[in-house]
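These notes concern the structure reproduced below.
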Amino acid sequence: MEKRVTFKGWLLPLCLIAPQVFISAVFFFYPAGQAVWQSLFIPDPFGLSSQFVGLGNFEYLLGDPYYRASFLTTAVFSTLVTLASMIPALFLAVMADRLVKSAGTYRTLLIWPYAVAPAIAGVLWMFMFNTRVGVVSWYLGQLGYDWNHVLNGTEAMGLVVAASAWGRISYNFLFFFAALQAVPRSIIEAAAIDGARFWRRFFTIVLPLLSPTTFFLLVVNIVYAFFETFGVIHTITAGGPQQSTTILVYKVFSDGFVSQDLGSSAAQSVILLLVVGLLTVLQFKYIEKRVHY
Amino acid sequence: MAREITGMVERRGFGLWLTHLVMIAGVLVIFFPIWLAFVASTVTQPEIVRPPMPLWPGDQLIENYTAALFAGVNVPVLTMLGNSLIMAVGIAVGKIIISLTSAFAIVYFRFPGRNMFFWLIFLTLMLPVEVRIVPTYEVIAGFGMLNSYQGLIFPLIASATATFLFRQFFLTIPDELAEAAHVDGASPMQFFWDILLPMSRTNIAALFVILFIYGWNQYLWPLLITTDPSMNTIVMGIRQMFPSGDDVADWPVIMATSILAMIPPVVVVISMQKLFIRGLVDSEK
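Here's what the structure looks like:
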């Protein structure tokens, strides 16, 4: 798509585009380039000089059991967050869609956890499950279950997944709800005349019609779980216990800023850049698909 | 007959009540963490540290919120709220301004390097600051921007979502308007101010809502570059309120701070619900 009618001149548009190009260059391309450059070196412990090691940092990373574990952790974490935020959201959206009159009220009530920052969500869930003062962990204790996410890696993972998925339910609900409202009533009624019951109609007609939305949400939720959940992890577990909740982004942070292992942190950034690139391509495929509709 | 069919699609009677029940249960479950935080912000410390804490608000609301706002733990929460406000508004306004002008340039002009610039900006579309933290931190440190608002704001406005959105919107504006501007002898900037900007009002407002929340909720970046507590933003400052080691956290004050940190973005979302949904759907297209 291009405009047929345009204005003349080249100095004005260059001035108009300059601020964004400048900011992108200084705070985006230069740091990204630095990350690629630094990933080829190992700095000495005093930071005075650094030694060129080529792809050594990458080789080391790919052989490093901790890094591989972090990859696996990230895969498990993002899959769980995506499922735990999409399934309840879809269910609630389907329920709300049946309530023609009061659907708007429920939407207002469900919308606002989206506005709660991941880091705050982390604090809230950490408070509920706190081993000393947490209400939920206390009641679990009464039921005979000894909750301790500080020591138990599986429980820690469960908690960070729940806290990350929680606010995300609102977001997914909004998109599913909008998509459901766009499903033509006539199709549903035709199926009803043919005798299809509610859940049968849902699985054979509605769900396939929702697939563009579902695919889109899958991608954005994976991106969310990869990159935007740092606050949750940092407030609840700080990557522990025994790195069981150290997702890739958390590892870039802890290796770069806590352990000051700059070469390795930069190499990890580069790997994440590739992951982001891959997800972007996926998202574009989605946009293209939508254009054909 | 017609009524019967509608009856099959839209629930009546028992089914309807069951659906309401499920929705109410869902809302309550989703609300529970916030309710608990609110209750904790209205009771005393001893009531919390002797579990189980009460599930109904106490009478310490004013005391706890006053303590949080004016004393805090490291720094008064009022200071952190101010920092968050400046950061969130700065990011939203900054991003909208640079995106409006660059989208205008890309859509309404043909100039050398146009395609290259478009792709350069476009490449920044999805790369979050989390991925390039170490080098970006070094850039900010090099500029002497640690513990400054510029340092908090600039790296986060380097992204193309808004530019892309305005570009898409400008492309839907009829060519006749630009033609009319040509005929009337209007300069490009007159066209921009008098026609394009007024037409983009709703888009700008919707984007502002989304970007405000995005900026307000930032965590990692403020955590890295604000070492001085008086520059902390509220979302990252809460974590700093927890004592290191075995000391007991001041839960009522921390929970009051959490509630205070939620209020601005929640108010924005609820009061501008239509704009918010529009912004959300637009910015993800």
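Chains as they are written, first to last, in our numbering: chain A, 897 to 1189; chain B, 2 to 286.
Don't be surprised by glycine CBs; every beta carbon is placed ideally from N, CA and C.
query = CB B/PHE192 to CB B/ALA182, shorter than 7 angstroms?
reply = Counting from one through the second sequence, the residue named residue 192 of chain B turns up at place 191. Counting from one through the second sequence, the residue named residue 182 of chain B turns up at place 181. In this structure, the beta-carbon distance from B/PHE192 to B/ALA182 falls below 7 angstroms.
ask   = Exposed or buried, A/PRO1108, counting other C-beta atoms within 10 Å across all chains shown (16 or more means buried)?
value = For the purposes of this step, residue 1108 of chain A is identified with residue 212 of the first sequence, where counting begins at 1. Exposed.
message = Let me make sure I understand the geometry here. Which of A/GLY1152, A/TRP1034, A/PHE1122, A/CYS911 has the alpha-carbon closest to that of B/ARG51?
response = Counting from 1 along the second sequence, the entry for residue 51 of chain B is found at position 50. For the residues A/GLY1152, A/TRP1034, A/PHE1122, A/CYS911, the minimum Cα distance to B/ARG51 belongs to A/TRP1034.
task = Can you say whether A/TRP933 is buried or exposed, counting buried as having 16 or more other CB atoms within 10 angstroms of its CB?
result = The sequence position of residue 933 of chain A within the first sequence is 37, counting from 1. Exposed.
ask   = Which of helix, strand or coil does DSSP assign to B/PRO52?
value = For this step, residue 52 of chain B is matched to residue 51 along the second sequence. B/PRO52 falls in the coil class under three-state DSSP.
ask   = Would you call the CB atoms of A/ALA1015 and B/TYR220 closer than 7 angstroms?
value = Start at 1 with the first residue of the first sequence, and residue 1015 of chain A comes out as number 119. Start at 1 with the first residue of the second sequence, and residue 220 of chain B comes out as number 219. It is a contact, given that the beta carbons lie within the stated cut-off.
message = Just checking: is the beta-carbon of A/ILE1198 within a distance shorter than 7 angstroms of some beta-carbon in chain B?
response = As displayed, chain A neither begins before 897 nor continues past 1189, which places residue 1198 of chain A out of reach and without an answer.
request  = Using alpha carbons as the reference points, say which of A/ASP960, A/GLY959, A/ILE1007, A/PHE967 lies closest to B/GLY27.
outcome  = Reading the second sequence from its first residue, position 26 is the one you call residue 27 of chain B. Of the candidates A/ASP960, A/GLY959, A/ILE1007, A/PHE967, the one whose C-alpha sits nearest the C-alpha of B/GLY27 is A/ILE1007.
inquiry  = Between B/THR45, B/ALA161, B/PRO244, which has its C-alpha nearest A/ALA921's C-alpha?
reply    = For the purposes of this step, residue 921 of chain A is taken as the residue at position 25 of the first sequence. Ranking B/THR45, B/ALA161, B/PRO244 by Cα distance to A/ALA921 puts B/ALA161 first.
key: Beta-ladder partner(s) of B/GLN61, from DSSP   = As a working mapping, residue 61 of chain B is identified with position 60 in the second sequence. According to the DSSP secondary-structure assignment, B/GLN61 is paired through a beta bridge with no residue.
request  = Determine the contact status of A/GLY1251 and A/VAL1012, defining contact as a CB-CB distance below 7 angstroms.
outcome  = Residue 1251 of chain A lies beyond the range of chain A shown here (897 to 1189); nothing can be said about it.
inquiry  = Would you say A/LEU912 lies against chain B (beta-carbon separation less than 7 angstroms)?
reply    = Mapped onto the first sequence, residue 912 of chain A falls at position 16. Judged by the 7 angstroms Cβ criterion, A/LEU912 is in contact with chain B.
query = Thinking just about the alpha-carbon of each residue, which of B/MET88, B/ILE63, B/GLU177, B/LEU56 is nearest to the one in B/PRO156?
reply = Translated into the one-based positions of the second sequence, residue 156 of chain B becomes position 155. With respect to the C-alpha of B/PRO156, the residue from B/MET88, B/ILE63, B/GLU177, B/LEU56 having the closest C-alpha is B/MET88.
request  = Indicate whether B/PHE167 and B/ALA104 have their beta-carbon atoms separated by less than 7 angstroms.
outcome  = Within the second sequence, the letter at position 166 stands for residue 167 of chain B. Within the second sequence, the letter at position 103 stands for residue 104 of chain B. Yes; because the gap between Cβ atoms is below 7 angstroms, this pair is in contact.
ask   = Hey, does B/TRP18 have any beta-carbon neighbour from chain A nearer than 7 angstroms?
value = Mapped onto the second sequence, residue 18 of chain B falls at position 17. Chain A contact via Cβ: absent.
query = Can a CB atom of chain A be found closer than 7 angstroms to the CB of B/PHE15?
reply = Taking the first residue of the second sequence as 1, we reach residue 15 of chain B at position 14. Answer no: the Cβ-Cβ gap between B/PHE15 and chain A never drops below 7 angstroms.
key: Unbroken beta strand (DSSP E) run spanning A/SER1082, endpoints   = To locate residue 1082 of chain A, count along the first sequence from 1; it is residue 186. Element bounds for A/SER1082: not the beta strand (DSSP E) but the alpha helix (DSSP H), 1081 to 1089.
query = Between the Cα of A/PHE973 and the Cα atoms of A/ALA1059, A/PHE1071, A/PHE903, A/PRO909, which residue gives the shortest distance?
reply = On the first sequence, position 77 is the one that residue 973 of chain A refers to. Checking every option, the nearest Cα to that of A/PHE973 belongs to A/ALA1059.
request  = Tell me, please, whether the CB atom of A/LEU1106 is closer than 7 angstroms to any CB atom in chain D?
outcome  = In summary, chain D is missing from the structure at hand, where the protein chains are A and B.
query = Which of helix, strand or coil does DSSP assign to B/PRO175?
reply = Walking along the second sequence from the start, residue 175 of chain B turns up at place 174. In the three-state reduction of the DSSP assignment, B/PRO175 falls in the coil class, being assigned neither a helical nor a strand state.
ask   = When the distance is taken between beta carbons, is A/GLY1152 closer than 7 angstroms to A/PHE937?
value = Position 41 of the first sequence, counted from the start, is the residue given in the question as residue 937 of chain A. Position 256 of the first sequence, counted from the start, is the residue given in the question as residue 1152 of chain A. No, the Cβ-Cβ distance between A/PHE937 and A/GLY1152 is not below 7 angstroms.
message = On the CB-based measure, 16 or more other CB atoms within 10 Å of its CB, does B/LEU19 come out buried or exposed?
response = Reading the second sequence from its first residue, position 18 is the one you call residue 19 of chain B. By the Cβ neighbour-count rule, B/LEU19 is exposed, with fewer than 16 other Cβ atoms within 10 Å of its own.
message = For the alpha helix (DSSP H) containing A/GLN947, name the first residue and the last one.
response = Here residue 947 of chain A refers to the residue found at position 51 of the first sequence. Premise fails: A/GLN947 lies in the beta strand (DSSP E), 946 to 948, not in any alpha helix (DSSP H).
task = Could you tell me if A/PHE1122 is buried or exposed, where buried requires 16 or more neighbouring beta carbons within 10 angstroms of its beta carbon?
result = As a first step, residue 1122 of chain A must be located in the first sequence, where it is residue number 226. With 16 or more other Cβ atoms within 10 Å, it is buried.
ask   = Who are B/PHE110's beta bridge partners in DSSP?
value = As a working mapping, residue 110 of chain B is identified with position 109 in the second sequence. DSSP, once it has assigned bridges, lists A/PHE903 as partnering B/PHE110.
Unbroken stretches of the alpha helix (DSSP H), 4 residues or longer, contained in the segment 85 to 157 of chain B = Correct list: 115 to 124, 134 to 143.
inquiry  = For the structure I just gave you, are there three or more beta carbon pairs, one from the segment 104 to 124 of chain B and one from the segment 907 to 922 of chain A, closer than 8 angstroms?
reply    = Because the criterion of three Cβ pairs below 8 angstroms is met, the segment 104 to 124 of chain B and the segment 907 to 922 of chain A touch.
query = Which residues, in order along the segment 252 to 274 of chain B, keep a beta-carbon less than 8 angstroms from a beta-carbon of chain A?
reply = Correct list: TRP252, ILE255, MET256, SER259, ALA262, MET263, PRO266, VAL267, VAL269, VAL270, ILE271, GLN274.
request  = For chain B, find out if any of its Cβ atoms is closer than 7 angstroms to the Cβ of A/VAL901; answer yes or no.
outcome  = By 1-based counting over the first sequence, the position of residue 901 of chain A is 5. For A/VAL901, at least one C-beta of chain B is nearer than 7 angstroms to its own C-beta.
request  = With 8 angstroms as the C-beta to C-beta threshold (strictly closer), list the residues of the segment 1143 to 1157 of chain A near chain B in chain order.
outcome  = Per Cβ criterion, the list reads VAL1145, VAL1148, PHE1149, GLY1152, PHE1153.
request  = On a CA-only basis, which of A/VAL990, A/LEU1105, A/THR978 is nearest B/VAL23? Give me that one, please.
outcome  = Working through the second sequence from its first residue, we reach residue 23 of chain B at position 22. Residue A/VAL990 is the option with its Cα nearest to B/VAL23.
query = Taking the Cβ atom as the reference point for each residue, do A/GLN870 and B/PRO136 lie within a distance shorter than 7 angstroms?
reply = Because chain A is modelled from 897 through 1189, residue 870 of chain A falls outside the range shown and cannot be assessed.
message = Tell me which residue opens and which closes the alpha helix (DSSP H) that A/PHE1073 is part of.
response = In the first sequence, counting from the first residue as 1, residue 1073 of chain A sits at position 177. Per DSSP, A/PHE1073 belongs to the alpha helix (DSSP H) from 1049 to 1077.
query = Who does A/PRO939 pair with in a DSSP beta bridge?
reply = Residue numbering aside, residue 939 of chain A sits at position 43 when the first sequence is read from its first letter. According to DSSP, which records beta bridges pairwise, A/PRO939 is partnered with A/SER946.
message = Strictly below 8 angstroms CB to CB, what residues from chain B border A/HIS1130?
response = On the first sequence, position 234 is the one that residue 1130 of chain A refers to. What A/HIS1130 touches in chain B: TYR220, LEU221, LEU224, ARG240.
Chain-ordered residues of the segment 1051 to 1065 of chain A with a beta carbon less than 8 angstroms from chain B = Legend: CB atoms of the segment 1051 to 1065 of chain A lying less than 8 angstroms from CB atoms of chain B belong to residues TRP1062, ILE1065.
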